[in-house]
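Asks:
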Amino acid sequence: MPDEQNDDVQDRPAPGDLTDFLQELRVLLPGAQILTAFLVILPFNSGFDRIQQEERWVFVATFFCSIVSLVLFTAPAAQHRLERPLRDRVAFKNRATKMAGIGLASLSLALILATYLVISSSLNETWATWVMTIAVAIVIGIVWWLIPSRFPSDRH
Numbered sequence: 802m803p804d805e806q807n808d809d810v811q812d813r814p815a816p817g818d819l820t821d822f823l824q825e826l827r828v829l830l831p832g833a834q835i836l837t838a839f840l841v842i843l844p845f846n847s848g849f850d851r852i853q854q855e856e857r858w859v860f861v862a863t864f865f866c867s868i869v870s871l872v873l874f875t876a877p878a879a880q881h882r883l884e885r886p887l888r889d890r891v892a893f894k895n896r897a898t899k900m901a902g903i904g905l906a907s908l909s910l911a912l913i914l915a916t917y918l919v920i921s922s923s924l925n926e927t928w929a930t931w932v933m934t935i936a937v938a939i940v941i942g943i944v945w946w947l948i949p950s951r952f953p954s955d956r957h
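Per this note's numbering, residue 802 is the first one in the sequence shown, and the count goes up by one each step.
(1) Can you tell me the Cβ-Cβ gap for Leu-908 and Thr-863, rounded? I've got them flagged as a contact below 8 Å.
(2) Put Leu-873 into one of helix, strand or coil per three-state DSSP.
(3) With Asp-821 as the anchor, note down where its alpha helix (DSSP H) starts and where it stops.
(4) Which term fits Ile-920, buried or exposed, when burial requires 16 or more other beta carbons within 10 angstroms of its beta carbon?
(5) Do Ile-948 and Thr-934 come within 8 Å of each other at the CB atom, strictly closer than that value?
(6) Can you give me the start and stop residues for the alpha helix (DSSP H) that Gly-902 sits inside?
(7) Pro-877 and Ala-897: beta carbons closer than 8 Å?
(8) For Cys-866, tell me which candidate among Arg-827, Leu-840, Pro-844 and Val-937 has the shortest Cα-Cα distance.
(9) When the Cα atoms are used, what is the spatial distance from Leu-826 to Ala-938?
(10) Drop a sphere of 10 angstroms on the beta-carbon of Ala-879, count the other beta-carbons inside from all chains shown, and report buried for 16 or more, exposed for fewer.
(11) Below 8 Å between beta carbons: does that hold for Leu-871 and Thr-820?
(12) Find the nearest neighbour of Ala-915 within the set Leu-873, Lys-899, Ala-833 and Phe-822, judged by alpha-carbon distance.
(13) State the DSSP-derived secondary structure class of Gln-853, mapped to helix, strand or coil.
(14) When you compare only the Cα positions, how much space is there between Lys-894 and Thr-875?
(15) Tell me which residue opens and which closes the alpha helix (DSSP H) that Ala-948 is part of.
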C-alpha cells in the first residue's frame, strides 16, 4: 500500500509544471471559439432584425461573456510567450489558473444566455424558455462548479 501512495505522488506534476493546465485550456478553448464565431456572424443573418429588443440585449451580454472567456482562455499562452523565460513558474500558473477560472465562469454565463436566446427565438414560449435556461444553468452549476468544489479528486 505505501508503494501505491508513492507512485501517486510521483505521477503528480510539479507545482510549476504547466502541461496539465495547458491541456485543460486546449479542451475549453474550442468551445469558446465556436460559440464566439457563431455569435459574431449572427447579426449578419437575415432573421436577426426580427428578434425582440430584450433578445438583442441577451445577445450582447452573451457575446460579451463569450469574448471575455475567449480572451481569458488565450491569455496564459500569450503571456507565457511574452514573459519568456518564466522566472516564477508557480506564480505564473497561479495567475493563469485564476484567469481560466474567470474565463470558465464567463463561458458558463455565455452558455446559459445562449440557451435563453436560442429557445426564446425558437419557441416563443416564455415558460419553456425559462425552464430550459434554468435547467442548463443547473447542469452547468452542478457539473462544472459544485462537483469539483465539493468532491475534489485530489486534496493532497
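C-beta atoms are modelled at their ideal positions from N, C-alpha and C, and glycine is treated no differently.
All of these numbers come straight from a predicted model, not from anything done at the bench.
Replies: Short version:
(1) Not a contact, Cβ separation roughly 11 Å.
(2) helix
(3) 820–842
(4) buried
(5) no
(6) 890–924
(7) yes
(8) Leu-840
(9) 22 Å
(10) exposed
(11) no
(12) Ala-833
(13) coil
(14) 14 Å
(15) Residue identity differs from the one stated: residue 948 is Ile in this sequence, not Ala. Ile-948 -> alpha helix (DSSP H) spans 948–951.
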